[in-house]
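Structure record follows, encoded as structure tokens.
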Amino acid sequence: MTVHLPGLLDTDAIRKDFPILERLLHGDRPLVYLDNAATSQTPRQVIDAMTHYYANSNANVHRGVHVLAEEATALYEGARDKVAQFINAPSRDEVIFTKNSSEAINLVANMLTWADEPFKVGVGADVVITEMEHHSNIVPWQLLAQRTGTKLKWFGLTDEGRLDLSNIEQVITEETKVVSVVHTSNILGTVNDLEPIVRRAHDVGALVVVDASQAAPHTVLDVQALGADFVAFTGHKMCGPTGIGVLWGRLGLLEELPPFLGGGEMIETVTMSASTYAPAPHKFEAGTPPITEAVGLGAAIDYLSAIGMDRIAAHEHAITGYAIDALNGVEGLKIIGPADNVARGAAISFTFGDIHPHDVGQVLDEQGIAVRVGHHCARPVCLRYGVPATTRASFYLYSTPSEVDALVAGLEHVRQFFG
Amino acid sequence: MTVHLPGLLDTDAIRKDFPILERLLHGDRPLVYLDNAATSQTPRQVIDAMTHYYANSNANVHRGVHVLAEEATALYEGARDKVAQFINAPSRDEVIFTKNSSEAINLVANMLTWADEPFKVGVGADVVITEMEHHSNIVPWQLLAQRTGTKLKWFGLTDEGRLDLSNIEQVITEETKVVSVVHTSNILGTVNDLEPIVRRAHDVGALVVVDASQAAPHTVLDVQALGADFVAFTGHKMCGPTGIGVLWGRLGLLEELPPFLGGGEMIETVTMSASTYAPAPHKFEAGTPPITEAVGLGAAIDYLSAIGMDRIAAHEHAITGYAIDALNGVEGLKIIGPADNVARGAAISFTFGDIHPHDVGQVLDEQGIAVRVGHHCARPVCLRYGVPATTRASFYLYSTPSEVDALVAGLEHVRQFFG
Amino acid sequence: MKLDGMYQEIILDHYRHPHNKGLRDPFDTEVHHVNPTCGDEVTLRVKLDGEKVLDVSYEGQGCSISQASTSVMTDLVIGHTIEDALNAGDEFLALMQSKGQGEPDEDVLEDAVAFVGVSKYPARVKCALLGWMAFKDATAQALQTTEGQK
Amino acid sequence: MKLDGMYQEIILDHYRHPHNKGLRDPFDTEVHHVNPTCGDEVTLRVKLDGEKVLDVSYEGQGCSISQASTSVMTDLVIGHTIEDALNAGDEFLALMQSKGQGEPDEDVLEDAVAFVGVSKYPARVKCALLGWMAFKDATAQALQTTEGQK
Ligand SMILES: Cc1ncc(COP(=O)(O)O)c(C=O)c1O
Ligand SMILES: Cc1ncc(COP(=O)(O)O)c(C=O)c1O
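Protein chains in written order, with numbering that gives the first Met the number 0: chain B, 0 to 418; chain R, 0 to 418; chain H, 0 to 149; chain U, 0 to 149.
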């Protein structure tokens, strides 16, 4: 029986674009890929764009006068244009290519580590994060704190899996230099209301960094509407390749803040004793950039945009609602994170009686169902909710209601196995 | 007329592996790709390995219990084994994947920026480089110097394009904490004799970093024989993809030195207030690594190893010798760098009368010949030899004597054009 | 079902009815080990007596593999000589690194031979080793203390 | 040959026999501009007189495009009003950004229309603009100084 939910995409057509979805596991089990928050699958269009690049235009970018170098440069810089348009950036020069989200966030932390006033951090200044951050938005700030003496503060979480902003005036104060917060939690699924945080941060003159790693793939991301100063995301979660991420930053800030990595491409002129730097974004892109990966990310953006990010968001909302209902019907299963389908992304974490997530994941795998188990690089969330780990199912544009059904059936099997 | 040189590889067979070499430019001109020092071309075997990965095993690495995650992890860590074997590393844990050579060198510079004694840099300590470094081995050390007060010193160059080590005792002193030097110059082609540098540096207790970006692709690279403490190289110059580089470092050092980027994968345990770090190499690999790129680099290493790095070196030596002779016969052409074929890599820079390299490159391009023009990210070398820029032809395992002939004929055409 | 290779009945038995679980006195040393990738934890006590392992007791949480493996381990070491116990640990480690190819010696490893299937699942090998590593660590610490007292 | 689209005879003529090359006195301001990606350099002097560009002279090294473009530029601005000269610069910039699609106004740009082919080569556009940018900068500085003296 096929379920029909309002807002679903034509997944029959979409799934044909993803070669891996045809794979059979353990002999004859069709792959049910529910690990999209870890990484997304890659459509043929993206694979082909990269293959075509290697077979036709491969060269190092910039400075070359030969045809291949000009084509490679046009493709690489063209990908920057696509990203800028995708996130509604005021200027293409605000788009910096990094190797992943983590580097993008570390880039901001390191710019600030070496910045002069008015951005200077150190003793007497503080940095604010939240208890639902991914380790990649925790550890860079811990390192900054250790290295500079800046104090690290954070927002706690409510029992419902939402940010507790009740003490916002005490957490974000005149001492706060930067507030870095996740748009959509990769473990809880929570979509945060960033507006009050951005407002308060800007009131006290702090910069706002948004970790949009779980937002860019799933919803319309408009950096101007968001009002933040920096936004980070990563290619491999949005149908793109590994090896590329993006930091968007306000041009005025990128002009004033110091560079991070030094090397080829990021300079204006070099002598042995001193160098001057290229304007943004190149100032922050040392060395040969991820050229093929930018080509792939550009193709991924074309792919997603052709379907429409609003339609993808609606599809995932429908699937997530269906999954929440179905999982709530599984005896002994407890969702960790918002239990309703409001302001919620497509990742659902849960515990399952006292069966350890490793065992849950292993038995699901045997049925071809790929979920993630563990602390999902958000160990403080596990500590907060008193669980050692969770099982997480996460959806994307190709996910179907029958995959949710397969998960529920798989869980019944898990129960029998360990019963 | 085909030229036969001793040591040449079977380029007819090899060229069939590189789809791009079949490309015609400007209508009907076969591509003569002589820009290998900027980036190498990519064999079908490498493209296929990555395509196959995306279509079959794509997943995030580590921590996953599902089949795809286990396959992806095995492939990613398998690539680390291949790199370790390729460079004769004593331990696979000494191989860190970065995004390129530049990041690898910045990684060392930043480890040292935050290190405690005995590695601590700062006022009173110095860092030694050379005048023939690529900007990626200059700017990271300039940044370290500015940030910490460490003094930057360097070896000069002889008129013949070699390192001037006559004052080695004055340059490398008891104050020296690190010596970072290029193995093979990307602009001059010089292969440096590193033995006296390593000896002197270790005598005074300094660490040695070797920029092997132009060595790993072209010759047998044995980190144990080299005796250095860190070695950096980059995937896209050795038949691999963009988006990946390698830092090899001695395990003892990697254990003692502090991490650089923070985030997922590099931690052992995280709480809001403090974290502990995973052992090397993971300590230095924050965030989702370049997984597909590692798969591609592994395939590139298989490809190169099957041919044999010694045989590739012999091939390039033969081609380079042939090219030096041929270019020396071109009136008005002057080689910048060693004029003989001794201790020399496969990159040849030259000036051509008073015709500007940009014009040389443009007219060569029109004939399908791709060379690089400019300062090749080594502006201090141009300043040293009093030239604004050079034209550079650089060879690889698929380069042929007839491509050298095409270059020489192309240069005659350039002369006529601007005559 | 292929999974049976990993979750052998003997493993599920130990998981459902663990042996020697619950911390006991007296003990020489207590250690706390964590598997950071999955949050598995064990607190383990060791009581030595000259040449012999007098007692091992533990408390912990984790997956079936880590819990069963710890239970099996206690059976294998309690009452045996320290040397035999550490030897068994080495054998078990070798088995776990065998990628499913190991041919375990049942005389040495007894119930622990059931874990051969686990060695095919790299992500689970660490689970199986958690209790063993804690035992090795606790024993080494206890021996050191005794050395110090001599 | 397609290259002829870039290296039009008129460009090669200016390259071989540049106009107004060699620094001259008197001048109001002198600027030094560099194209960091290829090492092209120009030192350029401007002498203004109220409304008009009295003189422009320069010294430099670089590729045929940058040298010819600077030579053509001097012809176009010397003796013209400052307004017309800056206008021509804007027209030329627009032409260079046209990716080969520009339809330059020969009345305004004269010999500089020959550069339309260069605009198809992104790597060379900066070369063609070097002299023009230096002129614009030197003129702006000269005007500021005059303003200051009023
Ligand atoms: C000698 C040398 N060092 C460093 C680099 C930098 O490599 P990447 O651009 O891949 O970081 C290069 C390549 O451009 C090089 O030739
Ligand atoms: C919320 C969030 N932030 C940051 C990251 C880190 O992304 P990457 O591993 O690509 O650096 C992830 C993905 O794991 C994530 O889900």
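For every residue, glycine included, the Cβ atom is placed at its ideal position computed from N, Cα and C. All of these numbers come straight from a predicted model, not from anything done at the bench.
Residue i: contacting residues in chain B (beta-carbon distance under 8 Å)
{"i": "glycine 61 of chain H", "result": "His355, His357 and Pro387"}
{"i": "alanine 299 of chain R", "result": "Neighbours of alanine 299 of chain R on chain B: none; closest Cβ ~12 Å, over 8 Å."}
{"i": "histidine 314 of chain R", "result": "Correct list: empty, because the minimum Cβ distance to chain B is about 21 Å."}
Rounded C-alpha distance that separates residue i from residue j
{"i": "lysine 98 of chain R", "j": "isoleucine 243 of chain B", "result": "9 Å"}
{"i": "alanine 200 of chain R", "j": "isoleucine 171 of chain R", "result": "6 Å"}
{"i": "lysine 46 of chain H", "j": "aspartate 54 of chain H", "result": "5 Å"}
{"i": "glycine 418 of chain R", "j": "alanine 73 of chain R", "result": "60 Å"}
{"i": "methionine 0 of chain B", "j": "aspartate 404 of chain B", "result": "Residue confidence is low: methionine 0 of chain B scores 49 on pLDDT, short of 50, so the model does not pin down where it sits. No coordinate-derived value is stated."}
{"i": "glutamate 174 of chain R", "j": "proline 117 of chain R", "result": "12 Å"}
{"i": "glycine 261 of chain B", "j": "threonine 268 of chain R", "result": "31 Å"}
{"i": "lysine 333 of chain R", "j": "arginine 383 of chain R", "result": "15 Å"}
{"i": "glycine 331 of chain B", "j": "phenylalanine 351 of chain B", "result": "6 Å"}
{"i": "glutamate 93 of chain B", "j": "phenylalanine 154 of chain R", "result": "38 Å"}
{"i": "cysteine 238 of chain R", "j": "histidine 65 of chain B", "result": "20 Å"}
{"i": "proline 337 of chain B", "j": "glutamate 411 of chain B", "result": "23 Å"}
{"i": "aspartate 461 of chain R", "j": "glycine 26 of chain R", "result": "Outside the displayed span of chain R (0 to 418) sits residue 461 of chain R, for which this structure offers no information."}
{"i": "leucine 20 of chain R", "j": "valine 294 of chain B", "result": "20 Å"}
{"i": "lysine 81 of chain B", "j": "alanine 205 of chain B", "result": "29 Å"}
{"i": "cysteine 62 of chain H", "j": "valine 107 of chain B", "result": "38 Å"}
{"i": "leucine 2 of chain H", "j": "serine 97 of chain H", "result": "18 Å"}
{"i": "phenylalanine 283 of chain B", "j": "isoleucine 95 of chain B", "result": "7 Å"}
{"i": "phenylalanine 416 of chain B", "j": "valine 380 of chain B", "result": "29 Å"}
{"i": "valine 117 of chain U", "j": "phenylalanine 134 of chain U", "result": "20 Å"}
{"i": "glutamate 29 of chain H", "j": "asparagine 86 of chain H", "result": "21 Å"}
{"i": "alanine 215 of chain B", "j": "tyrosine 120 of chain H", "result": "33 Å"}
{"i": "glutamate 167 of chain B", "j": "isoleucine 196 of chain B", "result": "Checking the sequence shown, residue 167 of chain B turns out to be isoleucine, not glutamate. Looking at the two C-alpha atoms, the distance is approximately 8 Å."}
{"i": "leucine 7 of chain B", "j": "threonine 189 of chain B", "result": "21 Å"}
{"i": "tyrosine 14 of chain H", "j": "serine 348 of chain B", "result": "24 Å"}
{"i": "valine 33 of chain U", "j": "isoleucine 13 of chain B", "result": "51 Å"}
{"i": "valine 180 of chain B", "j": "glutamate 264 of chain R", "result": "20 Å"}
{"i": "histidine 134 of chain B", "j": "glycine 49 of chain H", "result": "46 Å"}
{"i": "aspartate 150 of chain H", "j": "alanine 127 of chain H", "result": "Nothing can be reported for residue 150 of chain H, as the shown portion of chain H is limited to 0 through 149."}
Chain-ordered chain B contacts of residue i [CB-CB under 9 Å]
{"i": "lysine 119 of chain R", "result": "Within 9 Å Cβ-Cβ: nothing; lysine 119 of chain R doesn't reach chain B, min ~14 Å."}
{"i": "glutamate 418 of chain R", "result": "Note that residue 418 of chain R is glycine in the sequence shown, not glutamate. Under the 9 Å cutoff, chain B gives no residues; its nearest Cβ is about 20 Å from glycine 418 of chain R."}
Where residue i meets chain U, residues with beta-carbon distance less than 8 Å
{"i": "glycine 373 of chain R", "result": "Thr36, Cys37 and Gly38"}
Closer than 7 Å: residue i CB and nearest ligand 1 heavy atom
{"i": "histidine 79 of chain H", "result": "no"}
Heavy atom of ligand 2 within 7 Å of residue i beta-carbon
{"i": "histidine 133 of chain B", "result": "yes"}
{"i": "asparagine 136 of chain B", "result": "yes"}
{"i": "serine 101 of chain B", "result": "yes"}
{"i": "asparagine 185 of chain B", "result": "yes"}
{"i": "valine 181 of chain B", "result": "yes"}
{"i": "aspartate 34 of chain B", "result": "no"}
{"i": "histidine 263 of chain R", "result": "Reading the sequence as shown, one finds glycine at residue 263 of chain R and not histidine. Answer for glycine 263 of chain R: yes, Cβ within range of ligand 2."}
{"i": "threonine 189 of chain B", "result": "no"}
Chain-ordered chain U contacts of residue i [CB-CB under 9 Å]
{"i": "cysteine 381 of chain R", "result": "Gly38"}
{"i": "threonine 270 of chain B", "result": "Correct list: empty, because the minimum Cβ distance to chain U is about 12 Å."}
Chain R contact residues for residue i, given Cβ-Cβ distances below 9 Å
{"i": "asparagine 105 of chain B", "result": "Phe259, Leu260, Gly261, Gly262, Ala285 and Gly286"}
Ligand 3 heavy atom lying under 7 Å from the CB of residue i
{"i": "histidine 235 of chain R", "result": "Only ligand 1 and ligand 2 can be found as ligands here, which leaves ligand 3 out of the picture."}
Can you give me, in chain order, the residues of the region 27-43 of chain H that have a beta carbon less than 9 Å from any beta carbon in chain B?
Only Pro35, Thr36, Cys37, Gly38, Asp39 and Glu40 from the region 27-43 of chain H bring a Cβ to less than 9 Å from some Cβ of chain B.
For the region 62-83 of chain B, enumerate the residues whose C-beta is nearer than 8 Å to any C-beta of chain U, in chain order.
Of all residues in the region 62-83 of chain B, those with a C-beta nearer than 8 Å to a C-beta of chain U are Arg62, Gly63, Val64, Ala68, Glu69, Thr72 and Ala73, reading in chain order.
Residues, ordered as in the chain, of the region 105-124 of chain H that lie near chain R by beta-carbon distance below 8 Å
Residues Tyr120, Pro121, Ala122 and Arg123.
For the region 237-266 of chain R, which residues have a CB atom closer than 9 Å to at least one CB atom of chain B, in sequence order?
Listed by position along the chain: Pro240, Thr241, Gly242, Ile243, Gly244, Pro257, Pro258, Phe259, Leu260, Gly261, Gly262, Gly263, Glu264, Met265 and Ile266.
Selection of the region 13-31 of chain B by Cβ proximity to chain R, strictly under 8 Å:
Result list: Pro18, Ile19, Arg22, Leu24, His25 and Leu30.
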